[in-house]
Structures are given as structure tokens and as C-alpha cells.
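In what follows, a structure is listed as C-alpha cells, so that the remarks can point back to it.
Protein chains: 2
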Amino acid sequence: MAGIRDRVAIIGVGCTKFGELWEKDQEDLLVEATHEAMEDAGVSPQDIDAIWVSAYYDFTGQSGGTATEPLALFGKPATRVENFCASGMDAFRNACFAVASGVYDIVLVCGVEKLLDQGSRGLPIQPQHPSFIGASAPGIFALAASRAFYEWGWTKEDLARVAVKNHRNGAAHPKAHFRRPVTLEDVLNAPMIAWPLGRLDCCAVSDGAAAVIVTRPEIAKTTRHKDDYILVKANALAVESIQPYYRSGYNWLGFPATRAAAKMAYEEAGIRDPQEEIDFAEVHDCFTSTELFNIGDLGLVDDPKDAPRFVADGLADIEGKVPINPSGGLKCFGHPIGATGCRMIYEVTKQLQGRADGLQVRNPRVGLAHNLGGPGAVASVTILARRD
Amino acid sequence: MAGIRDRVAIIGVGCTKFGELWEKDQEDLLVEATHEAMEDAGVSPQDIDAIWVSAYYDFTGQSGGTATEPLALFGKPATRVENFCASGMDAFRNACFAVASGVYDIVLVCGVEKLLDQGSRGLPIQPQHPSFIGASAPGIFALAASRAFYEWGWTKEDLARVAVKNHRNGAAHPKAHFRRPVTLEDVLNAPMIAWPLGRLDCCAVSDGAAAVIVTRPEIAKTTRHKDDYILVKANALAVESIQPYYRSGYNWLGFPATRAAAKMAYEEAGIRDPQEEIDFAEVHDCFTSTELFNIGDLGLVDDPKDAPRFVADGLADIEGKVPINPSGGLKCFGHPIGATGCRMIYEVTKQLQGRADGLQVRNPRVGLAHNLGGPGAVASVTILARRD
Chain A
26 MAGIRDRVAI IGVGCTKFGE LWEKDQEDLL VEATHEAMED AGVSPQDIDA
76 IWVSAYYDFT GQSGGTATEP LALFGKPATR VENFCASGMD AFRNACFAVA
126 SGVYDIVLVC GVEKLLDQGS RGLPIQPQHP SFIGASAPGI FALAASRAFY
176 EWGWTKEDLA RVAVKNHRNG AAHPKAHFRR PVTLEDVLNA PMIAWPLGRL
226 DCCAVSDGAA AVIVTRPEIA KTTRHKDDYI LVKANALAVE SIQPYYRSGY
276 NWLGFPATRA AAKMAYEEAG IRDPQEEIDF AEVHDCFTST ELFNIGDLGL
326 VDDPKDAPRF VADGLADIEG KVPINPSGGL KCFGHPIGAT GCRMIYEVTK
376 QLQGRADGLQ VRNPRVGLAH NLGGPGAVAS VTILARRD
Chain B
26 MAGIRDRVAI IGVGCTKFGE LWEKDQEDLL VEATHEAMED AGVSPQDIDA
76 IWVSAYYDFT GQSGGTATEP LALFGKPATR VENFCASGMD AFRNACFAVA
126 SGVYDIVLVC GVEKLLDQGS RGLPIQPQHP SFIGASAPGI FALAASRAFY
176 EWGWTKEDLA RVAVKNHRNG AAHPKAHFRR PVTLEDVLNA PMIAWPLGRL
226 DCCAVSDGAA AVIVTRPEIA KTTRHKDDYI LVKANALAVE SIQPYYRSGY
276 NWLGFPATRA AAKMAYEEAG IRDPQEEIDF AEVHDCFTST ELFNIGDLGL
326 VDDPKDAPRF VADGLADIEG KVPINPSGGL KCFGHPIGAT GCRMIYEVTK
376 QLQGRADGLQ VRNPRVGLAH NLGGPGAVAS VTILARRD
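Respectively, the protein sequence lines represent chains A and B.
Going by our numbering, the first sequence opens with residue 26, and the numbers climb by one from there.
Going by our numbering, the second sequence opens with residue 26, and the numbers climb by one from there.
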């Protein structure tokens, strides 16, 4: 198997402001993000050969039309992809295959979600799934977090430091939903949602959209970003059981799908030592505890139980060894499901190009994006890099 | 753009019996079809590198887990694709890109639907769509049919001949839902659903699943079907407006998405004269009138209004110039949405290999599969061929 390595290039990215966007509908957000990406790439709608789109909760017409209709891009191929909370990054992955196969030249990927319009609707989920019997997302993730408290000695303070770090980053990002720093005391004193997860340990319900334009490197060399297009080094997906907590052998500590996807991605990208070779990462911090698990599952620490120390020692800070969620992450952007994976690709691309909207990581060469869904059932790991 | 031509091979296919399968659930059907395909290919579940799945109406957990969970194929990449009634063929298309890109060697595509379990639930559809204000699928397709009656002089008999032909074919197919011939009088005297479409002009509500194993030709040469693997010549998708009837300039005669996808597919396959080069076709006959429109939209007649004569003259019969729906089509299999596109690939593959379950087309070399959704908003056209 050949891997996608170096055969796909990102030449444009776009992203709306995330937040409670009551005055805009899904179509507005999709148009805004995709046109920003096309403008960034210097391509027009007519240049787009094909489209991949994700929009998890929009049950009114599941087809590529979710993108083509608001964009009035008729007669072209357009596919809608679904993979729980990792739908956005899987749309990107499928688009990369089509580009790498040589079938299309310029492809648009976009993800959108008007999550606030969903009210209190739960995740659509199989009857075998714990959510089906009433467990909420915080409730399920809290089971894993409390297991780490018991097995590994993690504390509420360990979790809170993730929120403090991510809010410090997000406060500087003009497109973030929440742009205010929080203190350790704020997080520790926030109302409890599902022990040990307080309100500031949880990501919010937000609306948003993001978009990416991909092509092959030889075409990228002829575009506006000819000097700073970004290469896709790896693009891995792993689907574990939708009922991870029911599978025998599951120890409740971290997410096997992330570990499987990371292993594939590192092999594909030729990365032997992620701690040294990954310069920064946008990871799926739907809860502060999830970010700590991700740091372990992605191999950014030797022993997963030491992830809290990695954060406490400042290694995940914007000036640290491997900045984690320089954008502020889901903690500050919320998690409009279809959009999140594309928003991460947007952020990693702009960081690598040295034009981050918020805090800029210092001279990064290789960035990782990690999108988790299910919970824990689906994980995407994408590795992007500068050309030089 | 390179096209997929000759870079992807089909090495195994599987299909359940279609029908009112109350005693089986979605998971049972998926397992049955995929294991038949793997057995046909001579591969085991562990040989599968990645999976694409379609299941349109299953809203309980939209992810690749729809396939990996019942198959217990954990830790692998799996993507769920949505494209209205063409979801199954678009899952196949995305899998072909991944194989052509060289990223995976052996890929499983599967589609499934327990349509009977949906009761009277309508198609999930955007508020702009005519269905949203109460129009049923027969009601919408009847508008186009009656337009052809008015503009082109089509008659109820013209439509009925399609049903008679397809039921003659389906009666011989052991996997069809309906296995009985019908007469012209049966069709003309059937209860009216939406004029001019009577009950025997409409496809039924059925359950079913189908699966396909794809790989690259160099690998196909080492498999059980090394002497008769099937090549993918083209694999096109076009998305038109979800509200075709509202777009100015739409004349209600045929489906622009089919014409756009057919144009792309013929270019990709290098087909200049489909009437001479396509040996047979499985087309989306959700209604008898739709099959007539498809014959025109696919360029199998010079003038689309002459499609009824093509059928009346026996040219679409199993022994005719271009047999249409040798399986019996949606008329005899029903239309379990996620499964239909994969079922068509199954049928065209087995016909080309000379091992059709039902009536065998005489020595075909090139076959076409056409999947329509939306209605009329999405069309997939796949062209398959024998190697020799």
C-alpha cells in the first residue's frame, strides 16, 4: 500500500467564526467558509472538479446536495460523508484519495453544523450504545476520566490545566466561540456536569463551518500558494466498536481508535518518534480529560498516565515542546460536528504557513490534526507538513 | 484528469435475496452479502484494508461502524457515504478512488437497507424540496411522466411494456423480490397510485443488501477470479439541484443529473457511441417512466422521446440490442436505498462473467449501471467491462 504521502497539497482554507450564530443558517455558513477557501486558493467555483461535504445532524436531504445546493455548483460530483464526530476529517480523507488517484484536479472539502438548531437532540446512536440508554456525552466520557483518576491518580486540577491552557490560546483567536482566559479556580469551581467533568471541562454547543481546497503538488506549484502550499503526509482513519465500553478487554483508559489511527498515520508519514517529529497538534478536546487521553494515545508522552505532567510542565503550551490546541481547541471553538475536522485542517495549515489567526506556533514544520468520534469509536489522524 | 479507467478491478460480489425480510435485521443482511462477496473473491475479513458502506435510512449511528460493527472488523478504516438513492453506487465510487490511489489493496463496499422497517417515513428532504410539502415519490415522478405524455405522446401502454419486460426478467432471478411475469393488462388495470403511474409502474418497498470487493488489476491477477475479474472503465457522479422542478429552464423531461453523469462516464471510458458500445445496462427504474427517461438520458436512443419504441421493438429485451435491466430491475428487486447501487454492480459483474443468477445476456463485454436519486438530483453512472 502506497500511502497518501506527499501526493496531495492544500492550497486554500476557510473558516467562519464559530459561536451561537442564530442569524445565519447552515447554507450561509457553508458559503462563507467555502468562498474564503476558494479566495485563499485563488480558484473560482467553476474550477472545482468535485466536492466532499460533512454535516452530521442535517437530516433533511443526505447527499452531496448539502454543499452543491447553497453553492449553486450544479452538475458536478459531490459526496456526503458520515463518521460520527470525525465526519469532517473523513470528508477530507476521501477527497485526498480522489486527488491522489488523479481523477480530479481541484477538490473542495467542507464541513458545517448548525448545532444550536438541534436543541437537546442526542447523538443518533445504535441501540447497543450506552448513550441509547440515557447516558449523555459528558456522562460517557466521565466514566473514562474517573477511571484515570482511580488507576493513574489524575486529579481535577490536571483536567483544569487543560482548560486554562486552551482558553489562554483561544482568547487570542478571532474566530473562536469563547475568547476569554479562565483561571484554575474558575474551572474547579464551575458547576458539575458529570463528575469529574465540570462545565469548563466540557466543550460547548456551537455553530460553524470550515473548508479546504486540495489538489496535487504539481498543480499547487502553479497557484497563489505556490511557495507555501501544505503537503498531506498521512491521512488515517480507524473505526473501533461503537460500544467500546462493552468490549471485553477495554480498560477505559484512552481510546483504541486513536491509537490505531496514529499508528497508521505515523507509518504512512514515516514518523518514528512523534515526540520529536510532531511540532504541534490540534486534538479532539471535547472534554479536558479527552485531551489528556489523546496526548497519551498519540504517543506524545512515553507513558499515557503522564499526560497531565506534560501539560503541567508547560510542554503543551504555545511556546512548549509540542503545543497542543494552539487555536484553543474544541474548548474554545465548540464542536459543530460536521465542521470540526475541517476546522482543525484549517488551523494546522495556517500555523504551518506562519499565518495563524490567533497565537502562532514558532516555525512549525510538521503538524498533526486528530478528530475523535463515537465516543472513542472513530478516530482520524492527519499529518500535514511544509514543503521545505 | 486521469479517470479511473482500468485501474480498479472487481474480484468478488455478493447479494442477499431482496424482499420483505422481516425475520432479518440490517446487520444480518450486511453480514450475508459481504460474506458472499468475500467468499466469491477468496478473501477473508482480515484481508480487507478498508470499507465503504451506504445505509440511507439508518439514523442510529451514522459512521463506518454501520459496517464494521456487524462484521466485527475493528481498527480498520470505514466510511459511510450518503447520496440519496444513489448512495450505494457512490460508496463504490469512493472505494474505487482509494484503490486507484494505491493507498489500500483490498477494499469492501457494501450497501444495505431495511426499508420495510421505516414504515411510512418519507424521504428525508430539504424544506425547499417538493416532497417537503407533501408530494410523494410517485407524485413527483408522475409529474415528469405526464409531461412526456403531453410533449412526446407517451402512453400508459408505453410505460406498461417496461413493467412487462422487467417482470419477465425478474421472474427468472432467484434473488428478486417479485418473481412473477405480468401482462400488459395486469399493469394497465392495476390500481392507480399517481396518474399515470399505477401500482405495477412503481417499484416496491423491499429489504436487501449487496457487496463488492475491489482491488487493483495487478492484485486481481493473483486471486480466484484471475481469469475473469471485471475492470472499472468509468465511475461518474453528478449532483444537480435537489429541487430540479424549481430550476428555471427545466423542461420536466428526463433528468439532467443522468445526462451529466453519462457524459462524464462515456468520456472516462472512451465510449463514443453508447448505442453500439454498451452491451447491456442495469438502470434505475424506480418507476416505469423513469426507465424510459433513463434510456434517453443515457443516449441509448437518438431522440429521448423514442425510448418507448426502443422497448416496444424488443431492443431492451434480454435478447435485444441493449438489454435493459436483465435482473428485473428495481421493478422486481424493490429499492432498499443503500443497497440498490451495489446490487446493480453485483448484477453487471455477474452478467459480464457469464454467471448471471437469472437470465444471462448473450456474451456481453461492456455493461453499464445507473443509479438515480433525489429525485433526479443525483445520478451515478458506472461502466464495467471484461478484460479481454
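The C-beta atom is built at its ideal place from N, Cα and C for all residues, glycine as well.
Because the structure is a prediction, the values reported are computed rather than measured.
* Asked: Going by the CB atoms, is the gap between B/Asp65 and B/Ile131 shorter than 8 Å?
  -> no
* To do: Identify every run of the beta strand (DSSP E) within the region 182–251 of chain B, keeping only runs that are complete inside it and at least 3 residues long; order them along the chain.
  => For the region 182–251 of chain B, whole beta strand (DSSP E) runs of length 3 or above, ordered along the chain, are 217–219 and 232–240.
* With 16 as the cutoff for other CB atoms within 10 Å, does A/Asn119 come out buried or exposed? -> Around the beta carbon of A/Asn119, 16 or more other beta carbons sit within 10 angstroms, so the residue counts as buried.
* Asked: Do you know offhand how far B/Arg224's Cα is from B/Lys258's?
  -> 36 Å
* What whole-angstrom Cβ distance do A/His198 and A/Arg204 have, given they're in contact under 8 Å? -> 7 Å
* To do: Could you list the residues in the region 303–337 of chain A with a C-beta less than 8 Å from some C-beta on chain B, going in chain order?
  => none
* Asked: Would A/Val137 count as contacting chain B if we go by Cβ distances under 8 Å?
  -> no
* Mind checking if B/Gly363 is an interface residue toward chain A, Cβ cutoff 8 Å exclusive? -> no
* Which one of A/Ser126, A/Trp220, A/Pro216 and A/Asp142 has the shortest CA to CA distance from A/Leu168? -> A/Trp220
* Asked: Can you find a CB in chain B that lies within less than 8 Å of the CB of A/Arg224?
  -> no
* Asked: Does the region 108–115 of chain B come close enough to the region 395–411 of chain B to have 3 or more Cβ pairs within less than 8 Å?
  -> yes
* Asked: Do B/Val106 and B/Ser79 have their C-beta atoms closer together than 8 Å?
  -> The answer is yes: Cβ separation under 8 Å.
* For B/Ile29, does the three-state DSSP call read helix, strand or coil? -> coil
* Report buried or exposed for B/Arg20, applying the criterion of at least 16 other Cβ atoms within 10 angstroms of its Cβ. => No statement about residue 20 of chain B is possible, as the shown extent of chain B runs from 26 to 413 and does not include it.
* Of all the CB atoms in chain E, is at least one closer than 8 Å to the CB of B/Glu107? -> Going by chain labels, chain E is absent from the structure shown, which instead holds the protein chains A and B.
* Specify the secondary structure class of A/Lys375 as computed by DSSP and reduced to three states. => helix
* How many angstroms separate the CA atom of B/Thr91 from the CA atom of B/Thr313? -> 32 Å
* Output, in chain order, the set of chain A residues within a Cβ distance shorter than 7 Å of B/Gly67. => Against B/Gly67, chain A offers no close residue; the least beta-carbon distance is about 19 Å (beta-carbon pairs closer than 7 Å).
* Under 8 Å between C-beta atoms, does B/Gln51 make it to chain A? -> no
* To do: Excluding the 5 residues preceding and the 5 following B/Asp83 in the sequence, name in chain order all residues of the same chain whose CB lies nearer than 7 Å to its CB.
  => Gln51 and Thr91
* Do A/Thr240 and A/Val124 have their CB atoms nearer than 8 Å? -> yes
* **Collapsed DSSP secondary structure at A/Gly44 in the structure displayed** => strand
* Asked: So the alpha helix (DSSP H) A/Val56 belongs to, where does it begin and stop?
  -> Looking at the DSSP string, the run of the alpha helix (DSSP H) that includes A/Val56 is Gln51 to Ala66.
* In or out: B/Arg334 buried (at least 16 other Cβ within 10 Å) or exposed? -> Exposed: under 16 other Cβ atoms inside 10 Å.
* To do: Specify the secondary structure class of A/Ser161 as computed by DSSP and reduced to three states.
  => When DSSP states are grouped into helix, strand and coil, A/Ser161 belongs to the coil group.
* Asked: Which residues bound the beta strand (DSSP E) around B/Asn119?
  -> No beta strand (DSSP E) contains B/Asn119, which is instead part of the alpha helix (DSSP H) from Ser112 to Ala125.
* Counting only beta-carbon atoms, is B/Ala246 nearer than 8 Å to chain A? -> Looking at the sequence provided, one finds Lys at residue 246 of chain B rather than Ala. Chain A, which has no Cβ nearer than 8 Å to the Cβ of B/Lys246, makes this no.
* Report the residue from A/Asp331, A/Leu256 and A/Pro102 whose alpha carbon sits nearest the alpha carbon of A/Ile244. => A/Leu256
* Which stretch, first to last residue, makes up the alpha helix (DSSP H) that contains A/Leu355? -> Gly354 to Phe358
* Asked: Between the C-alpha atoms of B/Asp310 and A/Arg387, what's the straight-line distance to the nearest angstrom?
  -> 59 Å
* **chain B residues whose Cβ lies nearer than 7 Å to that of A/Asp115** => In chain order: Thr104.
* Along the alpha helix (DSSP H) that carries A/Val319, what are the first and last residues, could you check? => Going by the sequence as given, residue 319 of chain A is Asn instead of Val. Start and end: Thr313 to Asp322.
* C-alpha distance - A/Ile374 paired with B/Ser161, whole-angstrom precision -> The displayed chain sequence assigns Thr, not Ile, to residue 374 of chain A. Taking the straight line joining both Cα atoms gives about 45 Å.
* Asked: Among B/Asp232, B/Val264, B/Ala332 and B/His395, which one has its Cα closest to the Cα of B/Ile362?
  -> B/Asp232
* Three-state class that DSSP yields for B/Phe109 in the structure shown -> coil
* **CA-to-CA distance, A/Ala337 to A/Asp183, given in whole angstroms** => 7 Å
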